[in-house]
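J.: Those protein sequences? They're chains R and Z, same order as listed.
So my numbering is basically just the index in the first sequence, starting at one, shifted up by 665.
So my numbering is basically just the index in the second sequence, starting at one, shifted up by 3.
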Amino acid sequence: MPVRENGSLKVWQRRSGRESLFHWLIWLVGIAIFAYCWQQISNATTWFFVWDAPRISQDIWTRATPPRWEYISQLGKPIWDTLNIATLGTIISLFLAVPVAFLAARNTTPSALFIRPIALLIIVSTRSINSLIWALLLIAIIGPGVFAGVVAIAIRSIGFCAKLLYEAIEEIDATQVEAITATGASRWQVMAYGIVPQIMPAFAGIAVFRWDINIRESTVLGLVGAGGIGLQLSSSLNVLAWPQVSLILLVILAAVVISEWVSAKVRAAII
Amino acid sequence: MLRLEKLVKTYKTGDQALKAVDLDIPEGQVLALIGPSGAGKSTLIRCINRLVEPTTGKVWLDGTELTGLSSSGLRRERRRMGMIFQEYALVERLSVMENVLSGRLGYVGFWRSFLRRYPQSDVDEAFRLLDRVGLAHMADKRADELSGGQRQRVGICRALIQNPAVLLVDEPTASLDPKTSRQIMRLICELCRERGLAAIINIHDVALAQMFVQRVIGLRFGAVEFDGPPEGLTPEVLTTIYGEEDWEATIAPVDEDEETAVEAAE
């Protein structure tokens with residue numbers, strides 16, 4: 666009990682004696698685990714290479730600067746591909762995510778027993794596999810190139826978009842839906858009038874947010890051959906062309922900063 | 004015209020919200036449903052248009068039995084029952100006009116409603132109704148820009164454009180200030196009289212109910228405790244409906260009004 670009688674005084678403490686003891690014990694266990702893990706990692710590390718790190722990074726820095734500016738003429742097309750992968754992938758994933766979200770939301774699913782678990786499974790499975798791994802799989806199936814990248818981004822984003830969207834659907838004001846139902850509207854009309862207007866702001870926010878994430882994800886897809894600027898990055902790394910690598914990183918940084926700026930503007934305009 | 008026969012609603016939790024309620028409402032009668040919170044008032048009117056499925060019992064609307072209807076039959080009958088809500092229940096992000104026209108959803112097809120291509124007669128009627136409640140200039144405003152009283156007027160328009168035979172009104176004034184409450188109650192009762200509509204009005208404010216309706220039903224623990232004219236609401240009756248309390252102050256204002264009216268007439 667946090668409140669304890671001390672003569673006529675009522676002393677209040679956040680935790681009782683036993684609770685605070687338990688609290689400290691938890692901290693002690695946590696620190697012990699951390700120390701143990703640190704030791705394990707330390708044993709598995711070749712410390713010679715780590716102590717070497719400042720010298721090596723200094724070396725790479727001198728090799729990478731200045732960036733090879735004239736290489737930019739070859740980066741226009743790849744960065745454009747990257748933007749296209751992100752944008753098309755996001756659009757396709759939204760088309761697929763909307764029905765999944767409606768099937769997964771408790772208040773709109775046709776069957777909470779059979780269909781909802783399937784929708785949730787789609788959400789979990791697409792979310793849990795990284796887009797790089799999706800890309801590797803898809804390159805094996807449909808061959809290397811931009812299309813594999815688009816599909817990888819699209820599949821990877823379904824779960825994310827559908828999850829946020831179905832949470833938005835579950836949070837809508839039920840009385841507005843009730844009111845539309847009471848007019849004698851059909852199931853689809855209830856959806857179009859009672860539900861869709863309520864989730865539009867969330868939908869727009871999710872779309873822009875995911876587009877922003879996808880630009881970052883699609884920059885690395887080329888590493889495995891799924892198109893975009895990552896392809897140039899990987900080939901430059903392979904031939905140790907550090908001035909090209911540094912230029913590519915600068916271009917990616919610029920693209921990400923611009924996309925962040927755009928998505929922040931759009932979100933501010935909607936909400 | 005609207006008849007409830009032994010209507011029972013038992014929720015999954017085992018709570019019996021309605022215990023065999025019998026009620027007969029003739030054409031054009033406006034009745035108030037009073038009773039403490041949890042007495043089953045909301046459940047009762049929602050069982051009529053089956054927003055809540057009644058457990059057993061029957062509901063007759065002009066010779067059609069509602070509880071046994073298929074979903075398409077139910078939608079057809081829902082068009083004849085306009086509903087007005089406590090928190091207005093307008094679709095906040097749609098315009099006033101769209102909200103009013105949504106009352107026609109039971110009559111137009113999906114694509115027409117989706118593309119907002121309502122028949123001109125519906126649009127004319129919507130403008131007429133908005134004009135009647137004094138909101139013609141607000142048609143293009145978004146619903147969430149309106150004040151409480153204005154929103155409830157839009158809610159009334161949405162219910163009336165259905166061309167209903169009966170209005171189901173759930174606490175229309177609970178979120179409104181006293182003056183607006185009276186205006187809204189007066190408006191609802193006037194419109195019912197103009198159109199010969201029957202109405203069931205759930206209401207907490209006993210004095211307000213007495214002011215406007217012809218018949219009062221008192222509900223307690225899901226059973227009808229009182230059924231009579233508003234003058235019949237004596238302190239003893241209110242005690243049976245709500246429990247022990249000093250009721251003189253609640254019903255006095257109406258009596259005083261009547262007395263002063265009588266004195267003035269003399």
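We treat Cβ as the ideally placed atom computed from N, Cα and C, and that holds for glycine.
How about Ile871 of chain R and Leu829 of chain R: are their beta carbons less than 8 Å apart?
T.: Going by C-beta atoms, Ile871 of chain R is nearer than 8 Å to Leu829 of chain R.
J.: Terminal residues of the continuous alpha helix (DSSP H) containing Trp114 of chain Z?
T.: It spans 113-117 - the alpha helix (DSSP H) in which Trp114 of chain Z sits, taken as one unbroken run.
J.: Does any CB atom of chain R fall closer than 8 Å to the CB of Ser116 of chain Z?
T.: True, the Cβ-Cβ gap to chain R drops below 8 Å.
J.: Can you name the residues of chain Z whose CB is closer than 8 Å to the CB of Pro862 of chain R?
T.: Val94, Glu95, Arg96, Leu97, listed in chain order.
J.: Cβ of Val169 of chain Z within 8 Å of Cβ of Met84 of chain Z?
T.: Cβ atoms of Val169 of chain Z and Met84 of chain Z: closer than 8 Å.
J.: Report all residues from its chain with a CB closer than 6 Å to the CB of Thr58 of chain Z; omit the five preceding and five following residues, and keep chain order.
T.: Closer than 6 Å at the Cβ level, and outside the excluded window around Thr58 of chain Z, lie Val11, Lys12, Thr13.
J.: Are Trp726 of chain R and Leu912 of chain R close, meaning C-beta to C-beta below 8 Å?
T.: Going by C-beta atoms, Trp726 of chain R is not nearer than 8 Å to Leu912 of chain R.
J.: Select from R:Ser851, R:Ala729, R:Ala805, R:Trp703 the residue whose C-alpha is nearest the C-alpha of Ser116 of chain Z.
T.: Measuring from the Cα of Ser116 of chain Z, the nearest candidate turns out to be R:Ser851.
J.: Around the C-beta of Thr46 of chain Z, are 16 or more other C-beta atoms found within 10 angstroms, so that it is buried, or is it exposed?
T.: Counting Cβ neighbours within 10 Å, Thr46 of chain Z comes out buried, since at least 16 surround it.
J.: Comparing C-alpha positions only, which one of R:Tyr831, R:Asn749, R:Val763, R:Val910 sits nearest to Ala817 of chain R?
T.: Comparing Cα positions, the closest option is R:Asn749.
J.: If distances are taken between C-alpha atoms only, which option among Z:Ala92, Z:Glu251, Z:Thr67 comes closest to Leu149 of chain Z?
T.: Ranking the options by Cα distance to Leu149 of chain Z, first place goes to Z:Ala92.
J.: Leaving out five residues before and five after Thr774 of chain R in sequence, what residues of the same chain have Cβ atoms less than 6 Å from its Cβ?
T.: Only Leu768, Ile780, Arg781 meet the Cβ criterion.
J.: For Ser673 of chain R, is the classification buried or exposed, using 16 other Cβ atoms within 10 angstroms of its Cβ as the cut-off for buried?
T.: So Ser673 of chain R ends up on the exposed side.
J.: Determine, using beta carbons only, whether Glu90 of chain Z comes closer than 8 Å to chain R.
T.: Answer yes: the Cβ-Cβ gap between Glu90 of chain Z and chain R drops below 8 Å somewhere.
J.: Is the number of C-beta pairs between the region 156-171 of chain Z and the region 182-200 of chain Z that are closer than 8 Å three or more?
T.: Yes, since at least three Cβ pairs between the region 156-171 of chain Z and the region 182-200 of chain Z fall closer than 8 Å, the two stretches touch.
J.: Measuring only between beta-carbons, confirm whether Ser776 of chain R sits less than 8 Å from chain Z.
T.: Not one chain Z Cβ lies under 8 Å of Ser776 of chain R.
J.: Answer with yes or no whether the minimum CB distance from Met100 of chain Z to chain R is below 8 Å.
T.: It does not; no Cβ of chain R falls within 8 Å.
J.: Taking the alpha helix (DSSP H) that Arg223 of chain Z belongs to, which residues open and close that run?
T.: Where Arg223 of chain Z is concerned, there is no enclosing alpha helix (DSSP H), although the beta strand (DSSP E) it sits in stretches over 218-223.
J.: Looking at C-beta atoms only, is the number of pairs between the region 855-868 of chain R and the region 894-911 of chain R that lie closer than 8 Å three or more?
T.: No, the region 855-868 of chain R is not in contact with the region 894-911 of chain R.
J.: Using a C-beta cutoff of 8 Å, does Glu266 of chain Z count as contacting chain R?
T.: Caution is warranted here: a pLDDT of 45 is assigned to Glu266 of chain Z, below 50, making its placement in the model unreliable, and no coordinate value can be reported.
J.: Report the neighbours of Glu843 of chain R on chain Z: residues whose CB is nearer than 9 Å to its CB, in chain order.
T.: Going along chain Z in sequence order, the residues near Glu843 of chain R (Cβ under 9 Å) are Arg49, Leu54, Met86, Phe88, Ala92.
J.: Rank R:Glu832, R:Val715, R:Asn795, R:Ser793 by C-alpha distance to the C-alpha of Val765 of chain R and give the top, closest one.
T.: Ranking R:Glu832, R:Val715, R:Asn795, R:Ser793 by Cα distance to Val765 of chain R puts R:Glu832 first.
J.: Quick one: Cα of Gly235 of chain Z to Cα of Gly137 of chain Z, how far?
T.: Distance between the alpha carbons of Gly235 of chain Z and Gly137 of chain Z: 35 Å.
J.: Is it true that the region 18-33 of chain Z meets the region 881-898 of chain R, where meeting means three or more beta-carbon pairs spaced less than 8 Å apart?
T.: No, they do not touch.
J.: Mapping DSSP to helix, strand and coil, what is Glu95 of chain Z?
T.: If DSSP states are grouped into helix, strand and coil, Glu95 of chain Z belongs with coil.
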